[in-house]
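Okay, so the sequence shown: first residue is 2 according to my numbering, each after it adds one. We put the beta carbon where it would ideally sit given N, CA and C, even for glycine.
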Amino acid sequence: MSKVYRSLQNFRDRVSASLTVKKRNILFFLAVFLVVLIAILIRLSPIIHDNRLIKAFDPWIQYYNAEFLSTHSIYDYFHWFDYKSWYPEGIARYTLRPGLTFTIVGVYNIFHFLGFPISLYDLCYFFPAIMGGLTVLAMYFLGKEVLDRRCGLFAAFFLTFSPGHMQRTVAGFFDNETIGVFAVLMTFLFFLKAIRTGRITYSILGGVFSGYLGLSWGGYQYVFYIIPIVVFFLILLNKYNANVLIAYAGVQGTGLFISALFVNFKFDDLFTSIDIGGLILFTGLLIIYHILYTQRNERPKLYNSIMNLIKWGVIPAAIVLAVIIYTVPDIIPFGFGTKFQSILNPLIRNQVAFVASVAEHTPSTWSSIYYNILIPLMILPLGIYFCFKRYIAADIFMIVFLITIFYFTGSMVRIILLFAPAAALLGAYGLVNILKIFGSFYKEQKVEIRRRRKKLLRRRKTIGKGEIYAVYFLVGFLCISQVVHATDLATSQLSYSQLVPGGVLHDWEDSLTWMRTNLPGETVVVSWWDYGYWLTPIGNVTTVNDNSNIRVWKDGMTGIALMQTDEIYSAQMLKELHAEYVLVYFGYFYDGLGGDEGKWQWMVRIPNNHYETYIKKGLVQDNWAENSVFLESDYVNQTDGKYKDKWFQSTLVRLLTWGVPTSDPSDTYPEGSLIQHYISTISNNRDNDGDTWKSEIEKINHQASQIFSVEHFSSNGLVKLFKVDYTPLESKFRIDEPKIFDTGYGTFKLENIGSEELEITNVSVNGVPKNFTMGSSINDNIISEDEEDIVWIDTGSGFEVDDTVNITVTAIGGGTYTFSNSTSNFFVREAEEGAVRINRENSQLIYDQTTDQSEAYIEVENIGDSPVVLDDFYVNSIGNTFSTVEFLSGSSILEPGQSARVKLSDPSISFSDPVEGIRELGIITRNGIKDETIFTANRIIEDEEYGLIISPQSRYSAPELLSQTNLSTRIFINSTESASAYLNNDGTVSITFELKNTGNRGFYLSSIDIFEGNFPDIDTIPESDYNFTHDFDYILPNEQVGIVINISSGYFGLNDEIGVRPIGVYEGTVASDIGFFHLMNKTADLSILDEINGYDTTYINNNSLGQVLIKNVGNGTLNLNLTSQDLISFDNESLGVENISLTYGTSTLGPQDVAILSFAVNQTLIIGTELEIIVKTEEGIFDSYILSVISDET
């Protein structure tokens, strides 16, 4: 009976124990579930504020990629080259690690397949919180693996409330880390399981998560490196076995294979890169070691010798090498030294301005580490202690994990994300071991002991219930503290997106929405690189840089544009960036708002790091410092941090302070507002010179900017968008060849070297405005792009040779931008001889019978040595000008050798009355240089153009007249073999010339008029006294015919003027031409000319001085021997001639050439005495003339 009773009692106890265990399991798993649930809920804290905004910067580009993949094929995604970023080069967006993108789009497609209408944006928003919960669950299993499930629960609890992990897994923080930390913990979990069990399945699973990590997050390198380090220490500490090789091979091999699927993976790195190649090398060494390890029992001496060599040889050598690399990295070739140095001393990266400019890259402070870890950090020493005490593979792993991640966290605050799970794991490990110890004491209190044992225990000091309860109370308090700290952080800080500064300022949302609504997607907006991941995905505009920083030198170009003190230089750099708009973010000097006013130093330093790049690209600007772009000391006193003038003069400060009042006399802004804070700050802070910031900012004339104009200011003025006007940059001209002459005029060339049209508004000489005339732009003074023009200045009579002058030209570019350029000083020079000529062969007068319009097409050439301004064109006299002057080629200002073709319309004298009427066409320049020649008109009837010319077409002035004056109408035809006029011995005249029909219609030659007298006083001679012969009646277009005219004697003498005017008819007079000849002798001949147009040209006075004008009127060349006594003589043989010289002409006279000879006689002459002067050439040709001695006062 008693046996039955005891059996029933034992069964009851077993059932009771079983129920107790199951109850405990349910409670435990409920606790795990609640921890994971709370982890998700606390990371959903932004929902409290009803603010579903994706956070930070990088998450937006992740969403941008996911959105593209969700609407395009996989093929399209892996060929996506985005030109809306890093314009104009663009960026291959598919090079972003695909893990997160494909994960979220895969989940999105599954939800839609199952019929859940969730948007991709909402999924991206909630996904980090969900992954945060899964990471906490992974932390539980990892803690369970290293110790037990209690350790896993505490580790999960600590990670749930770890600010360092929460900030990267909070709802809205859609970035690689959301799955990166999860994959890291899962890799470690299966790596440790594989070491413990030796199962290849766990090893491969760990590799799968490692590969997934490599496809998702750049932090994969840490995992790839820490596993070999753990294995190395396992070998070193005699903890190695075959399971380690299995775990290592599966994790690293599978992980590397999957990671190689990334498009940016370079297989060459397997053999050339220290990053990947180092793993291959270690794997080879591990295999060799494993072979040696398997032979340790057969060859113990060899094994022990090698292990001793590693411990006492290789390791000390590695330490020495590390010290050398730390101090002198260049000693290692191929750049490996610098690479190792950055590993040994991660702070070295802060010497690179770009790296230091990223907030996530700044070194961690103790305060930031404590703030983000809190309680686990306090109990880490306990965890380390128990790791060393137990000393198995998992403990070695935890120690290596903690030490390495703590080391890198010290150099980069972002790594706190991985330090958080390490601290949670070690903290939980230490805490659970402590609780086990105190729990064992508590159990001992319940064990029944004998009275004798009690007496013995009373004599010893043991831990009582009070101490045990105190420990449990302390642990509870610490856990509650962790919960309170994390909860407060979640609701006060993590709930807000950086898009909403301060949690209440919606300026970024305002501005980005405005850009998306009002600007085309191709619009290029330049800002500091921080905002690139917002501007393109949210604002839908094109950017030149962003947070990927694939071309840091372009970040530097933005810095140059913003920190230049001359906005023209800023515009030059912005144009290189193709900027249409510039965006700046002003934090009103609030530290917490993170405005651009706190980033300026990086805008100075980053360009300096890329100085050589800018030189190679030809981007150097005149005001750069020596061997760098900027000197930071020019902007700030680096001792006390006080700003200098250059800081206030920078384009950045100009744009940030635009539109912000510097005072509030009417108390418009409430106390504590942004504006009041700004006013207080600038009023109280002083610059390096002791002046207030306010006084410096008030010197900035924002409205005077020629480059920037306000396009959009956000509601609170934090985000400012400016339109860039390149008119001042594109409005450029160059002044070349400036000349000022002593005769009251000057010239210079003006070249528009910009891309904007320029209107020249003022020209000053030595600061005094002068009248000016432009060449081809004479009508509007406007010079187009790449156009060059010459400018004539009327300087008056105020300058003499060698005076110092300069020229200043003022222009308006693009209709808005007024600017000036000046020459350096130069000297006034002596005026050079000027002359112009109407090229008759390319000129004609036309009467259009259909429209009753009279027009002239003439070509004018500058044949002098100085520039001229073609001022007026006239007919017959200067008063008869043309109403319309149009330059068909060239301009109104001609340099020496240049010509212009001009169309002249609406003359005051019609060319139709009659068409064959003789017209003197003249041109006069600004400084009085003239040229005149004669024309007759040709008629146009609809499309029938008539034209007739005497060949040769050119006309010249009478040589004898030119010897006395430059004012001579060019009427004479140059004598040639085909054009001549000879006086025959019998007094008759023979004229030959050629005619050409230059029109498109033929005509009849009706008559040829012959003129006598001196032009313009001429008369026609009766047709009965001459005749002309020809072998034609009708002259076809382009036909040229010869004409011979014979004139009766008695009309003309040697050197007389004789004019010819052939007339063509076709149902009326339609064409004609005019020209004059000087009658010549067919043989050599010489004439003394005594008077030309009222000028005495041959004379001798009573002071024994005289001159004689001679002309070659024959058909041969004559030579004058100035030393011959026979050159000039008198009929009075007692008069001797001396001091003969040429005052005009040369000693060789061709046909029609003239010369003036001056001379003296050896006797005093009496006024009125008649003398016969004789001039004789070397050829014996002579002429004589009787003259009377005149007074020397005549």
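**Study point:** Nearest to Leu1080 (by Cα), restricted to the options Leu1150, Ile1129, Ser976
**Key:** With distances taken between Cα atoms, Leu1080 lies closest to Ser976.
Review point. Counting Cβ pairs closer than 8 Å, one from the stretch 542-562 and one from the stretch 515-529, do we hit at least three?
Key: Touching, per the Cβ criterion.
**Study point:** Member of Gly776, Ile972, Ser1185 whose CA lies at the smallest distance from the CA of Tyr901
**Key:** Residue identity check: residue 901 is Ala in the sequence provided, not Tyr. If we check each option's Cα against that of Ala901, Gly776 comes out closest.
Exercise for review: Note down, in chain order, each residue of its chain lying with its Cβ closer than 7 Å to the Cβ of Ile236, except the 5 sequence neighbours on either side.
Suggested key: Cβ within range, chain order: Tyr290.
Check your understanding: Does DSSP classify Pro502 as helix, strand or coil?
Key -> Note: Pro502 maps to helix in three-state DSSP.
Check your understanding: Taking buried to mean at least 16 other C-beta atoms within 10 Å of its own C-beta, is Phe335 buried or exposed?
Key -> The predicted model places Phe335 with a pLDDT of 42, which falls under 50 and marks its position as unreliable; any figure quoted below should be read in that light. So Phe335 counts as exposed.
Review point. If you drop the 5 nearest sequence neighbours on each side, which residues of the same chain put their C-beta closer than 6 Å to that of Ala395?
Key: Excluding residues within five positions, the ones whose Cβ falls inside 6 Å are Val147, Leu193.
**Study point:** Counted within 10 angstroms of its Cβ, other Cβ atoms place Glu1024 as buried (16 or more) or exposed
**Key:** So Glu1024 counts as exposed.
Check your understanding: What three-state label does DSSP hand Trp625 in the structure shown?
Key -> For Trp625, the secondary structure class from DSSP, reduced to helix, strand or coil, is coil.
Review point. Is the stretch 475-487 touching the stretch 161-181 in the sense that three or more CB pairs, one from each, lie closer than 8 Å?
Key: Between the stretch 161-181 and the stretch 475-487 there are three or more C-beta pairs closer than 8 Å, enough to call the two in contact.
**Study point:** Supposed contact pair Ile1141 and Ile1129 - C-beta distance, whole angstroms, cut 8 Å
**Key:** The Cβ separation is near 6 Å, so the contact holds.
Check your understanding: Asn26 by DSSP, collapsed to three states: which one?
Key -> Assigned with DSSP and collapsed to three states, Asn26 falls in helix.
Practice item. Could you check what DSSP says for Leu20 in three-state terms: helix, strand or coil? Key: Low confidence applies here, because Leu20 scores a pLDDT of 48, under 50, leaving its location unreliable; read the following figure in that light. In the three-state reduction of the DSSP assignment, Leu20 falls in the helix class, which pools H, G and I.
Exercise for review: Can you say whether Ala471 is buried or exposed, counting buried as having 16 or more other CB atoms within 10 angstroms of its CB?
Suggested key: Label assigned to Ala471: exposed.
**Study point:** Contact under 8 Å by Cβ, Phe225 with Arg98
**Key:** Not in contact: Phe225 and Arg98 (Cβ atoms no closer than 8 Å).
Point to revise | 6 Å Cβ shell around Ser358 - same chain, five flanking residues per side excluded | key: Because Ser358 sits at a pLDDT of 48, beneath the cut-off of 50, its placement in the model cannot be relied upon, and the following sentence gives the value as read from the coordinates. Once the five neighbours on either side are set aside, the close Cβ partners of Ser358 are Trp603.
Check your understanding: When the distance is taken between beta carbons, is Ile49 closer than 8 Å to Ser496?
Key -> Cβ distance < 8 Å, so Ser496 and Ile49 count as in contact.
Practice item. Provide the residue(s) that pair with Val1066 in DSSP beta bridges, ordered along the chain. Key: Paired residues: Tyr1005, Thr1070.
Check your understanding: The alpha helix (DSSP H) spanning Thr518 covers which residue range?
Key -> It spans 508-519 - the alpha helix (DSSP H) in which Thr518 sits, taken as one unbroken run.
Point to revise | Distance between Arg971 and Gly814 (C-alpha atoms, nearest Å) | key: Whole-angstrom Cα-Cα distance: 45 Å.
Check your understanding: How many Å lie between Ile469 and Leu427 at the Cα?
Key -> So the two alpha carbons sit approximately 22 Å from each other.
Check your understanding: For Thr96, which three-state DSSP category applies?
Key -> Here Thr96 sits in helix by DSSP.
Review point. Taking contact to mean at least 3 C-beta pairs separated by less than 8 Å, is the stretch 847-862 in contact with the stretch 780-795?
Key: Segment contact: the stretch 847-862 against the stretch 780-795, fewer than three CB-CB distances shorter than 8 Å; contact not assigned.
Point to revise | Ile910 and Asn881 closer than 8 Å at C-beta | key: Taking 8 Å as the cut-off, the Cβ atoms of Ile910 and Asn881 count as close.
Review point. Can you tell me whether DSSP reads Phe337 as helix, strand or coil?
Key: Annotation note: pLDDT 46 at Phe337 (below 50); position unreliable, no value reported.
**Study point:** Three-state secondary structure assigned by DSSP to Glu946
**Key:** In the structure shown, Glu946 sits in a strand (DSSP, three-state: E or B).
Check your understanding: DSSP on Gln342, reduced to helix/strand/coil?
Key -> Summary for Gln342: the model assigns pLDDT 49, below 50, so the residue's position carries little reliability; its value from the coordinates is reported in the next sentence. Assigned with DSSP and collapsed to three states, Gln342 falls in helix.
Check your understanding: Closest by CA to Gly212, which one among Gly251, Gly199, Thr179, Phe233?
Key -> Checking every option, the nearest Cα to that of Gly212 belongs to Gly251.
Exercise for review: With DSSP collapsed to three states, give me the class of Phe225.
Suggested key: The answer is helix: DSSP assigns Phe225 an H, G or I state.
Review point. Counting Cβ pairs, one atom from each stretch, are 3 or more of them under 8 Å apart for the stretch 72-84 and the stretch 191-206?
Key: Three or more beta-carbon pairs separated by less than 8 Å are not found between the stretch 72-84 and the stretch 191-206, which leaves the two stretches without contact.
Exercise for review: Can you give me the start and stop residues for the beta strand (DSSP E) that Trp793 sits inside?
Suggested key: Per DSSP, Trp793 belongs to the beta strand (DSSP E) from 789-795.
Exercise for review: Take Tyr1100 as the anchor and find which of Val1162, Pro1063, Gly1069 has the nearest alpha-carbon.
Suggested key: Of the candidates Val1162, Pro1063, Gly1069, the one whose C-alpha sits nearest the C-alpha of Tyr1100 is Val1162.
Practice item. Check Asn66 in the structure and name its three-state DSSP category. Key: Secondary structure at Asn66: helix, using DSSP grouped into helix, strand and coil.
Check your understanding: Within this structure, are the beta carbons of Val401 and Ile683 separated by less than 8 Å?
Key -> In this structure, Ile683 does not lie closer than 8 Å to Val401 by Cβ.
Exercise for review: Take the Cβ of Val37 as the centre, count every other Cβ of all protein chains shown within 10 Å, and call the residue buried at 16 or more, exposed below.
Suggested key: In summary, Val37 is buried, with 16 or more beta-carbon neighbours lying within 10 Å of its beta-carbon over all protein chains present.
Check your understanding: Which word fits Arg838, buried or exposed, when buried means at least 16 other C-beta atoms lie within 10 angstroms of its C-beta?
Key -> Buried: at least 16 other Cβ atoms inside 10 Å.
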